[in-house]
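K.L.:
Number of protein chains: 2
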Amino acid sequence: MLLSSSASIVIAFLMGIAGVGFVVWQLQRVMAYDQGNDVMREIGKAIQDGASAFLAREYRVIAIFVAIVATIITIFLQWQTAFSFIAGAIASAGAGYLGMYVAVRSNTRTAAAASRGLHEGLRVAFGSGAIMGMSVVSFSLIGMSLLYFFFNSDPNYLSYITGFGFGASSIALFARVGGGIYTKAADVGADLVGKVEKGIPEDDPRNPAVIADNVGDNVGDVAGMGADLFESYSGSIIAAATLGAALGKANTAAFIGLPFLIAAVGVVSSLFGIYMVIGKERDESDVARAIANNSLLTKTIYFLNQYVAKVNENASLEDLLTALRRSVWGASVVILGLSLFAVLLSGMHFNYWLAIVVGLIAGNAIAYATEYFTAYTEKPTLAIAKATQTGAATTIIQGFAVGMMSTALPVLITAFAILLSIWLGFKADGSLAAGLYAVALAGVGMLSTLGVTLATDAYGPVADNAGGIAEMSKLPKEVRHRTDALDSLGNTTAATGKGFAIGSAALTALGLIAAYVSAAKIGNLDLLGPTMLPGLLIGAMMPYLFSALTMMAVGKAAHEIVLEVRRQFHEIPGLMDGTGKPDYKACVGISTESALKEMIIPGTLAVVAPIIVGHVLGKEALAGLLVGTLISGFLLAVMMANSGGAWDNAKKFIETGEYGGKGSEPHKAAVVGDTVGDPFKDTSGPALNILIKLMTIVSLVFAGSFGTGWLHF
Amino acid sequence: MLLSSSASIVIAFLMGIAGVGFVVWQLQRVMAYDQGNDVMREIGKAIQDGASAFLAREYRVIAIFVAIVATIITIFLQWQTAFSFIAGAIASAGAGYLGMYVAVRSNTRTAAAASRGLHEGLRVAFGSGAIMGMSVVSFSLIGMSLLYFFFNSDPNYLSYITGFGFGASSIALFARVGGGIYTKAADVGADLVGKVEKGIPEDDPRNPAVIADNVGDNVGDVAGMGADLFESYSGSIIAAATLGAALGKANTAAFIGLPFLIAAVGVVSSLFGIYMVIGKERDESDVARAIANNSLLTKTIYFLNQYVAKVNENASLEDLLTALRRSVWGASVVILGLSLFAVLLSGMHFNYWLAIVVGLIAGNAIAYATEYFTAYTEKPTLAIAKATQTGAATTIIQGFAVGMMSTALPVLITAFAILLSIWLGFKADGSLAAGLYAVALAGVGMLSTLGVTLATDAYGPVADNAGGIAEMSKLPKEVRHRTDALDSLGNTTAATGKGFAIGSAALTALGLIAAYVSAAKIGNLDLLGPTMLPGLLIGAMMPYLFSALTMMAVGKAAHEIVLEVRRQFHEIPGLMDGTGKPDYKACVGISTESALKEMIIPGTLAVVAPIIVGHVLGKEALAGLLVGTLISGFLLAVMMANSGGAWDNAKKFIETGEYGGKGSEPHKAAVVGDTVGDPFKDTSGPALNILIKLMTIVSLVFAGSFGTGWLHF
């Protein structure tokens, strides 16, 4: 039986709606939790206000940017692409807004829920993450399927839909790059004056930058990560559909429909995975009750309950990790079955299902490799901790070496996944183009369970904030113990989430590059072609330049915060003894302004460089540029994310009391490592995901406008 | 008029002999200088013994390695390649031996000569560097031209001569990678116990590792740099000749002969440049005397004297730099004229001369860009110095950002040089192959004045040692002031030398890759081909893995030195108060052993990886691997070398009294930066040059043995 592409996309649309249904239901559930005492409410309110202020300011800038770019697209390409561009920007911004909205309201609720038990806290925080995860997935599917129905009578409809990806990328640029600068500027600024100059602890409400710091956690790891993966998710589907259409097979509709269908069944799998954490804890009698019950819904819920994680009060970090892993793996098992069904239903070759499996396994393998290199239970991070004994220099050298070493596994996994997918596609349909389609499908497979994997990431900052709120509002010791446990879990998922984000960005970008080459009608792409090597070299340099710019931007933005915090301590009477009230909003405002200002140069670079190279050196050189940026950026991003994560955890390891514990000389060296690692892992590293994808999608959107360049061979 | 390739190679041979003549003459001149007082002689003797011990031990290991590889080549390829391989190894090792021999004997002589004046000291140290520079150039030319005459009746003679490059690469692997580990292990080991634990100053004769440290300077920057550039020099000529032969033009002989001819006239230019530093200082009456004199030689010398640099006693760093720059630029001007003559004499297209000019300019431009990013008179390094005020972490972040930013110019220069050369070649002979030949010629052009550029590099460690010897033997203040000035000059030339070494390695490797693609008979090298992207990704990962391994190797080797130094302070009575005598040899022995041991894994990786990928994934994937390693390694090497150089100079800037000067908190932060930068700029960074070229030459030598790989598409 053969599904038409329209049928697949109808299913994708319906699943998107189902996802929105879940989001609404879950939103009510989370908001129904109580917000704790007055102090907690007050702190929560300040964070909410800060987040709103940031979003309002950011969205104003974005609106201008989107208007300008949409005008350019309308003039140089066509209004349909501009329309899709705006739709993509709105969908991504909407998902980001919702995710942030819930995240900054779940932190107090998580702290309050933790008073009642560990699993209660986990449920609220993870439930908040699930809203972000499912919003991203659903908004992307709804947006793209609506555009499909809107444009599908036009033969160029797929090229219009690439505009959706470009719109999503633009939001990701602001959310991830601007957000990355924001979060670290606020963090470093708060620490430099608060901890170093004034000697007050972290998360102290007297520090005028403390709210900006808390807002920053959400800005970076909720809105930033969400927009990053929204872009990957949409991009991977667009790439696969575009490559599928270019194959020109008799059943083109099935080739186009399959990525949508996989994404659609991925929604079901994600919901299953999410339920395994937020559902009612399993009970021995559930199965019996499921059998006995007459209502199908209730029957299903009782049936599912048997898979829900059980988290008891004394759960170790390992137990908590297992609970989250169960949900991700559970979703993976479900998607394996459902996607096989989807592939067969589309009448496609079995090998395409294998390619999806390859992508799923590769994503999990990269996340696992990341965990190995950044967890303080493993050798690499322990070696950094050991190096702290001989000072800051050896700590940095060792961390750097670990970061570089950690690139080997993700690269080998990705290379192997690409090789295998190409081979599977080639064997299925006898062409290299089918092989590249299979690579794009592997990307879709890797991201198919994004609803739940993103939930585990977006959970982190909520737990982190909850810990800060518990601290600031002086909740009882056992509650803080629980929020600490939830926070540690968040740190681990943050590291693996970064590995997954990079891996999926690489695979998505590769699919988009292949789509670009096809769309630009490049016949021969000789590696030693006249403009190829210059293109590759300049491309490989872009991530270095971009990282340097973003890293320096953090320094400049942090400096402005420092000046403001110093000013407040100097000018506001009684601030230090707690009688004066700090002006949190001023710091939030400065972080926002300077983050947005500092991202102009790197952001412009990412958009303009491919257009210049495409016109001056020609479309072949541009392909080289994209591949150069992809491979160099992938390696640099992994290196920076992992060394940053490893330094962070080496410090945490010492804080458990090893090598003299907090305050010792090794600890001071570890703090230097952690501080160096902060912009590595939270600003420059993640920003490279955006660079890689944004440059590619810009090239794909403008593919038709590039010629042979100025030099003639 | 058309020169036959044999005639060109006869000229190259004769110029090689002329270079040897210069080396012998200069050797006598340098050795005739007095060695100073007894203390100086004693220290000098210890360094000489240490260097001999290192070389003896290293060459024993190399002999075994060469024997094994030569056997493998004989079995799997043919004896002729093995013969050339041995010849290349002997020629490179011979040049390295001679350079080291003179360097460790010129240090005391430089210190003694500095007692008589600044220019006298400069003359001895630079004269020593010139011996290294001219040995490298001459031995390479003599070796390759002899092989040419030996094999030239066989149609495969050029493929045999590639063995020479492989032999040179093998020596470079040991000299650069092993040497890089040695020098930093001894340095860090000496500092950790001496400066940190015992509180004795640097270069203190009581420190058992002080001689190993001094030997290390020569091992790294004389033997290592020499072998690195010997490889580039030979490789660039081999690549150009191979590509020229593959063009299959009517005047193939001219295409093959031209790179040899350019190298030959480069000898003359280099000698001119060298004379401008070591010759008699210019005198207003020189021109008149030149006209009046009857002997041609004396006439020439009087004529040349007018160009010799004048260095007065109060010369600033800028003046000294100008003296060296004059010599390099003077040589460049001469080569411009002579190479135009060579191109026309060979009956080749004018564009090929332009390609040579492009290479020359690019080399100088990269060196200049490097100087900008690493000199403490310029903004980037000053920004690092400023960042030391807020501690070690911001120092590291800023230095890292500067290193990343500094990749932009070298990449743009290289990309532009490649693009322009390809275009020139394409316009001259209408094919992409001619374009790649022109790129290889640009590489030959960049390296044509190597005799003098290498002299400015190899000068550095001699001046550095001379400073140490002046310090240890308590020479008068004005002498130490002069050796300090010479040392500062050496630090600057070391940084620019590294930039030049990386740039030339990249261009050489690119030529060799093109030669490999031609030799492996690869028809279509599609950038999106089935195995290309996995190849590119794995290739891009190699430099990261290689850097991680070499950086960790320094840590391990330094640890062994630390244990030995501690043992000696503990077991040798009276060592601390100067009555006991340290066992320098033990430390030299341990540095040597552990450096050679620690380089086994990275060294094997570089040789084995291309062979495995070539067989398993096929020859196309191998081309991808090489290009991936080239672009990723080039960027990483520039970043590491420049951030290391900038940290070093930021520290030196603070030591001039800025930001509190020596001993202040900013100085401590700067020391952390400098220590992190040490393995960056002296071990891992330079080792990447070797990785890039060695992988390529291995692939070129074994090009005929690779097929389509195990997966079938």
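Chains as they are written, first to last, in our numbering: chain Z, 1 to 713; chain W, 714 to 1426. No residue lacks a Cβ here, since even glycine has one placed at the ideal position from N, Cα and C.
What do you reckon, are the CB atoms on Y1089 of chain W and N1362 of chain W nearer than 8 Å?
P.N.:
yes
K.L.:
Could you tell me which residues DSSP puts in a beta bridge with D1239 of chain W?
P.N.:
Z:D526
K.L.:
Specify the secondary structure class of I781 of chain W as computed by DSSP and reduced to three states.
P.N.:
helix
K.L.:
Can you list, in chain order, the residues of the segment 200 to 216 of chain Z whose Cβ is nearer than 7 Å to any Cβ on chain W?
P.N.:
none
K.L.:
For A440 of chain Z, collect the residues of the same chain with a Cβ closer than 6 Å to its Cβ; drop the 5 residues on either side in sequence, then sort them by chain order.
P.N.:
A239, A240, L243, G511
K.L.:
Using a Cβ-Cβ cut-off of 8 Å, state whether V815 of chain W counts as contacting chain Z.
P.N.:
no
K.L.:
Are the segment 480 to 490 of chain Z and the segment 108 to 128 of chain Z touching, with three or more C-beta to C-beta distances below 8 Å?
P.N.:
yes
K.L.:
In whole angstroms, what is the alpha-carbon distance linking L504 of chain Z and T496 of chain Z?
P.N.:
First, the residue type needs correcting, since residue 504 of chain Z is Ser and not Leu in the sequence shown. Cα to Cα, S504 of chain Z sits roughly 12 Å from T496 of chain Z.
K.L.:
Let me make sure I understand the geometry here. Which of W:L1149, W:M1264, W:K1187, W:P1379 has the alpha-carbon closest to that of I1226 of chain W?
P.N.:
W:L1149
K.L.:
So for M1 of chain Z, helix, strand or coil by DSSP?
P.N.:
Unreliable positioning characterises M1 of chain Z in this predicted model, as indicated by a pLDDT of 45, which lies under 50. The coordinate reading is nonetheless provided below. Three-state result, M1 of chain Z: coil.
K.L.:
For the segment 851 to 873 of chain W, which residues have a CB atom closer than 7 Å to at least one CB atom of chain Z, in sequence order?
P.N.:
none
K.L.:
Taking all protein chains shown into account, decide if P1189 of chain W is buried (16 or more other Cβ within 10 angstroms of its Cβ) or exposed.
P.N.:
Counting C-beta atoms within 10 angstroms of its own C-beta, P1189 of chain W has fewer than 16 neighbours from the protein chains shown and is therefore classed as exposed.
K.L.:
Does the segment 837 to 846 of chain W touch the segment 878 to 885 of chain W, meaning 3 or more C-beta pairs lie closer than 8 Å?
P.N.:
no
K.L.:
Going along the segment 413 to 445 of chain Z in order, which residues come within less than 8 Å of chain W, judged by CB to CB distance?
P.N.:
T414, A415, F416, I418, L419, I422, W423, F426, L432, G435, L436
K.L.:
Just verifying my parser: in three-state terms, what is the DSSP assignment at W738 of chain W?
P.N.:
helix
K.L.:
Check the Cβ-Cβ distances between L510 of chain Z and every residue of chain W, and say whether any is below 8 Å.
P.N.:
yes
K.L.:
Hey, could you find the ends of the alpha helix (DSSP H) L229 of chain Z is sitting in?
P.N.:
Where L229 of chain Z is concerned, the enclosing alpha helix (DSSP H) starts and stops at 225 to 247.
K.L.:
Alpha carbon to alpha carbon, how far is T1120 of chain W from T1083 of chain W? Give it in angstroms, no decimals.
P.N.:
9 Å
K.L.:
When you compare the CB of P686 of chain Z with every CB in chain W, is at least one pair closer than 8 Å?
P.N.:
no
K.L.:
Determine the chain Z residues that contact D1313 of chain W at a beta-carbon separation under 7 Å, and present them in chain order.
P.N.:
First, the amino acid is wrong: residue 1313 of chain W is Ile here, not Asp. When 7 Å is used as the limit between beta carbons, I1313 of chain W is near no residue of chain Z, the shortest such separation being about 17 Å.
K.L.:
Name the chain W residues that come within less than 7 Å of A393 of chain Z, Cβ to Cβ?
P.N.:
V1385, T1388, V1389
K.L.:
Between T374 of chain Z and the rest of its own chain, which residues show a CB-CB distance below 7 Å, the 5 nearest in sequence each way excluded?
P.N.:
T381, A495, N642, G645, A646, N649
K.L.:
Determine the DSSP secondary structure at E598 of chain Z, reduced to helix, strand or coil.
P.N.:
helix
K.L.:
Could you name the residues of chain Z that A1082 of chain W contacts, counting a contact when the two beta carbons are closer than 7 Å?
P.N.:
Going along chain Z, no residue has its Cβ under 7 Å from A1082 of chain W, so there is no contact; the nearest lies around 13 Å.
K.L.:
Quick one: Cα of A1253 of chain W to Cα of L1132 of chain W, how far?
P.N.:
22 Å
K.L.:
Quick check: the segment 613 to 620 of chain Z against the segment 693 to 708 of chain Z, are there 3 or more CB pairs under 8 Å?
P.N.:
These segments touch.
K.L.:
Taking D526 of chain Z as the query, report the chain W residues whose CB atoms sit under 9 Å from its CB, ordered along the chain.
P.N.:
L1145, N1237, L1238, D1239, L1240
K.L.:
G1341 of chain W touches chain Z at which residues, Cβ-Cβ below 7 Å?
P.N.:
I631
K.L.:
I'd like to know whether the C-beta atoms of I611 of chain Z and F260 of chain Z end up nearer to each other than 8 Å.
P.N.:
no
K.L.:
Report all residues from its chain with a CB closer than 8 Å to the CB of M1 of chain Z; omit the five preceding and five following residues, and keep chain order.
P.N.:
Model confidence at M1 of chain Z stands at a pLDDT of 45, short of 50, so the residue's coordinates are unreliable; what they give is reported in the following sentence. Close CB contacts of M1 of chain Z within its chain, under the 8 Å cut and outside five residues either way in sequence, are with L345, G347 (chain order).
K.L.:
Can you list the residues of chain W that S531 of chain Z reaches, using a CB-CB cut of under 7 Å?
P.N.:
Here the sequence assigns Thr to residue 531 of chain Z, which means Ser is not the residue at that position. Within 7 Å Cβ-Cβ: L1132.
K.L.:
Quick check on DSSP: helix, strand or coil for L1160 of chain W?
P.N.:
In the structure shown, L1160 of chain W sits in a helix (DSSP, three-state: H, G or I).
K.L.:
Closer than 8 Å, CB to CB, is F373 of chain Z near chain W or not?
P.N.:
The beta carbon of F373 of chain Z sits no closer than 8 Å to any beta carbon of chain W.
K.L.:
Do the CB positions of D678 of chain Z and V193 of chain Z come within less than 8 Å of each other?
P.N.:
no
K.L.:
Would you call the segment 128 to 145 of chain Z and the segment 50 to 65 of chain Z in contact, with 3 or more CB pairs under 8 Å?
P.N.:
Taking 8 Å as the limit for Cβ pairs, the verdict is that the segment 50 to 65 of chain Z does not touch the segment 128 to 145 of chain Z.
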